[in-house]
Amino acid sequence: PPMIGFNCFTQLWFKGSGIRKPSFALFYPFFLMRNAHPFDPAKGELSDTIPTRIDCSKLMPTSKWKEGHRHAALLACGSYSPPTIMHTRIFESARDHFLVEHPEKKIQIVGGFMSPVHFKYGKASLYGEHYQQHRVEMVKLATASSDWVNVDEWEVKQSEWTRTRIALDRMKLELEKQYGRPMSVFLLCGADILESIITPGVFTPADVEAILSHGVVCITRKNSNAQATIDGSEVLSKHKARIHLTGEWDNDVSSSNARKNLLTGKSVKYWIDPGVEAYIRAHRLYLEPPPVAPAPAS
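Count the sequence shown with this note's numbering and you get residues 227 to 524, in order.
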């Protein structure tokens with residue numbers, strides 16, 4: 227099936243939000259597999275990335291796919307330093323939006339993925355290369371109890387950080403290759419991302435169009451007005467049928483607050499998964515403030 231353009235919800239998107247980009251790859255010719263080379267985040271395209279197969283072990287088998295529905299996977303990209311219960315909880319809220327709140331949309335969520343960002347994205351809270359595999363392992367622990375949300379390591383396997391649109395394209399392509407049928411991949415994010423999309427200089431117009439064409443599930447907060455943001459933006463209004471709002475949360479659970487508590491010796495119980503907390507304690511993570519990291523190249 228034709229691929230709806232997507233190439234990157236870009237860098238600054240996740241830079242300010244703490245979220246990071248997605249993943250995609252449907253068709254990798256043999257010569258590309260042999261000659262894969264470092265991805266240039268400034269000008270590279272999907273063919274420039276290093277292929278990594280998606281772990282589809284938790285995806286819903288096609289025998290359970292509903293007829294007459296659009297079948298989609300959710301992709302959330304972020305630092306996950308560390309992952310909190312809210313990072314995983316938003317997947318449940320997003321799936322319930324289609325399954326319980328709006329079944330008339332006829333969209334069936336068949337799987338979900340958390341994609342940790344590459345350390346070269348440059349945020350200080352990533353704690354550099356040393357923490358990269360730790361962040362992957364913590365996401366694995368955070369999703370261990372889920373029967374439908376998995377970790378995708380594609381971003382961290384690249385030589386550089388990856389633009390969002392590229393990640394979305396790659397995941398759509400790879401899932402369609404493995405399933406042999408059309409699939410959608412929705413970007414799962416917070417309301418702050420919608421605001422960043424319409425901020426001049428944050429995303430290229432082409433990338434915004436591509437990401438919105440894929441579809442976005444936005445988790446809103448009580449102190450934000452995502453609908454007003456959509457109504458006040460020409461590009462968001464144009465794609466409003468592809469932007470699904472759900473949530474209305476008000477909480478202080480965040481990676482930054484978890485790091486602050488870990489640094490000061492306070493409890494993080496019920497903020498992060500017990501397995502993740504045990505991993506942090508065992509590896510003595512977040513006992514020092516994050517190192518000062520240079521901003522990524524624009």
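C-beta: ideal position from N, C-alpha, C; glycine also.
C-alpha distance - residue 264 paired with residue 397, whole-angstrom precision: Caution is warranted here: a pLDDT of 38 is assigned to residue 264, below 50, making its placement in the model unreliable, and no coordinate value can be reported.
Using CA coordinates, which residue listed in 405, 369, 460, 470 is at the minimum distance from residue 328? Of the listed residues, the one whose Cα sits closest to residue 328 is 470.
Start and end of the beta strand (DSSP E) containing residue 301? Element bounds for residue 301: 296–304.
Just to confirm, is the Cβ distance from residue 481 to residue 341 under 8 Å? No, Cβ-Cβ distance for residue 481 and residue 341 is not below 8 Å.
Within its chain, find whatever has a CB closer than 7 Å to the CB of residue 228; leave out the 5 residues flanking it on each side and keep chain order. Residue placement at residue 228 is poorly supported in this model, since its pLDDT is 30, which falls under 50; the coordinates still yield a value, given next. Within the same chain, and ignoring the five residues on either side of residue 228 in sequence, no residue has its Cβ closer than 7 Å to its Cβ.
Within 8 Å, strictly: CB atoms of residue 360 and residue 511: In this structure, residue 511 lies closer than 8 Å to residue 360 by Cβ.
My assumption, with CB atoms under 8 Å, is that residue 288 sits in contact with residue 372. Please give the rounded CB distance. Their Cβ separation, rounded to whole angstroms, is 20 Å, which puts residue 288 and residue 372 out of contact at 8 Å.
Taking the beta carbon of residue 446 as the centre, do at least 16 other beta carbons fall within 10 Å, making it buried, or is it exposed? Flag for residue 446 reads buried.
Who pairs with residue 341 in a beta bridge, going by DSSP? The partner list for residue 341 (beta bridge, DSSP) reads 303.
Run of the beta strand (DSSP E) containing residue 375, from where it starts to where it stops: Counting along the chain, the beta strand (DSSP E) containing residue 375 begins and ends at 375–377.
Please classify residue 518: is it buried, with 16 or more other beta-carbons within 10 angstroms of its beta-carbon, or exposed? The residue in question, residue 518, is exposed, as its Cβ has fewer than 16 Cβ neighbours within 10 Å.
Using three-state DSSP, classify residue 511 as helix, strand or coil. Three-state DSSP puts residue 511 in coil, outside helix and strand.
I think residue 529 touches residue 367, with their Cβ atoms under 8 Å apart; what is that distance to the nearest whole Å? Within the shown structure, residues of the chain are numbered from 227 to 524, placing residue 529 beyond reach of any answer.
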